[in-house]
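Taking numbering that gives the first Met the number 0, I'd label the letters of the sequence shown as residues 0 to 236.
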Amino acid sequence: MDAFKCFNNDCYGDGEQSFPALEELIFRDMPSLEEWTTVDRGENFPCLRKLWIHGCPSFDELEVLPDGLLQNHKVLETLWISRLRNLKTLSHQLDNLSALKKLTINFCNSLEYLPDGLKNLRSLETLELSWCDSLTSLPATGLQGLSSLRSLSIQNCKELSCLSEGVKHLTALQYLMIIGCPEMTFLPEDMQHLNALRALYIGRCPHLERRCEKEKGEDWPKIAHVREIHMHLTEQP
Numbered sequence: 000m001d002a003f004k005c006f007n008n009d010c011y012g013d014g015e016q017s018f019p020a021l022e023e024l025i026f027r028d029m030p031s032l033e034e035w036t037t038v039d040r041g042e043n044f045p046c047l048r049k050l051w052i053h054g055c056p057s058f059d060e061l062e063v064l065p066d067g068l069l070q071n072h073k074v075l076e077t078l079w080i081s082r083l084r085n086l087k088t089l090s091h092q093l094d095n096l097s098a099l100k101k102l103t104i105n106f107c108n109s110l111e112y113l114p115d116g117l118k119n120l121r122s123l124e125t126l127e128l129s130w131c132d133s134l135t136s137l138p139a140t141g142l143q144g145l146s147s148l149r150s151l152s153i154q155n156c157k158e159l160s161c162l163s164e165g166v167k168h169l170t171a172l173q174y175l176m177i178i179g180c181p182e183m184t185f186l187p188e189d190m191q192h193l194n195a196l197r198a199l200y201i202g203r204c205p206h207l208e209r210r211c212e213k214e215k216g217e218d219w220p221k222i223a224h225v226r227e228i229h230m231h232l233t234e235q236p
């Protein structure tokens, strides 16, 4: 699909709705895609449950996506955003994805922050962040509404310095993985109140490894209640 440049009216057909039965849509490695126009007739993609966007440089601003694909979508359950190297923000189009259960963001090197609108993703169960080199923190208020989140995975976000105190709102969290985040220096105080947390994985995070050392580290009291703690120690030079 290297030469595909424009997704326009010719792609939609003549029906009253755009792709009325489509449940899965994947955009993968489309470097020439420059424009996506929509049609003003009925609801767009009303049955879409899974959307993957991978390696499409023009999607450095998600506003390029047509109305109805993300904004206020009622049935979308899985969203995968990958290799949008110029993406700096996720925009407010994600705010009202009321059915979204899984959000994966990886290899978005310019992504600086996650929007506070994450708090509206009340059905979200899995959040995966990896290889987002410019991401420095998670939003304190953006985690407030994630009462259904069960799994949080953060890998190779080398500038991420903290989880934010907003983790106290993740009352259903069972699984937490923090791998390859060397700038993360401590765990929030409210980690000790995450009573549902069953498994914690920490690796290649030298500050956390030291602070979470069993019965000795400063952060050990925050995680002592966790049933499974897996620590992959950073090799010393």
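Glycine included, each C-beta is placed from N, C-alpha and C at the ideal position.
_contact_flag[the segment 122–135, the segment 147–159] where n(CB pairs < 8 angstroms) is 3 or more_ = Yes, since at least three Cβ pairs between the segment 122–135 and the segment 147–159 fall closer than 8 angstroms, the two stretches touch.
_Candidates Ser-146, Asn-108 and Leu-134, of which the one nearest Thr-125 by Cα_ = Ser-146
_Quick check on Asn-194: buried or exposed, where buried means 16 or more other Cβ atoms within 10 Å of its Cβ?_
exposed
_Please tell me whether Leu-162 and Pro-187 are closer than 8 angstroms, where the distance is taken between their beta carbons._
yes
*In or out: Leu-123 buried (at least 16 other Cβ within 10 Å) or exposed?*
buried
*Identify, in the order they occur along the chain, each residue of the same chain with its Cβ nearer than 6 angstroms to the Cβ of Ser-150, setting aside the five sequence neighbours on each side.*
Thr-125 and Tyr-174
*Applying the criterion that 16 or more other CB atoms from any shown protein chain within 10 Å of the CB defines a buried residue, is His-229 buried or exposed?*
exposed
*Is the beta carbon of Gly-165 sitting closer than 8 angstroms to the one on Pro-205?*
no
*Can Glu-188 be considered in contact with the ligand HEM, in the sense that its beta carbon sits closer than 7 angstroms to one or more heavy atoms?*
By its list of ligands, the structure shown contains no ligand whatsoever, and the ligand HEM lies outside what it can speak to.
*asked:* Give me, in chain order, the residues of the same chain whose beta-carbon lies closer than 6 angstroms to that of Ala-198; leave out the 5 immediate sequence neighbours on both sides.
replied: The beta carbon of Ala-198 sits closer than 6 angstroms to those of Tyr-174 and Glu-227, all from its chain and outside the five residues before and after it, given in chain order.
*Pair within 8 angstroms by beta-carbon distance, Leu-21 and Leu-50*: no
*Continuous beta strand (DSSP E) stretch holding Glu-208: start and end*: First-last for Glu-208: 205–210, but that is the alpha helix (DSSP H), not the beta strand (DSSP E).
*Keeping to the same chain, check which residues put their C-beta closer than 6 angstroms to that of Met-176; ignore five residues upstream and five downstream.*
The answer, listed in chain order, is Ser-152 and Tyr-200.
_Length-filtered (4 minimum) alpha helix (DSSP H) runs lying within the segment 129–212_ = 205–210
*Looking at the structure shown, is His-231 part of a helix, part of a strand, or coil, going by DSSP?*
strand
*Going by DSSP, name the residue or residues bridged to Arg-27.*
His-53
*Closest Cα partner of Leu-24 within the set Thr-77, Leu-117, Pro-30 and Ser-109*: Thr-77
*Name the two residues that bound the continuous beta strand (DSSP E) containing Lys-101.*
Segment 101–105, the beta strand (DSSP E) holding Lys-101.
*How big is the Cα-Cα spacing for Ile-178 and Met-190?*
17 angstroms
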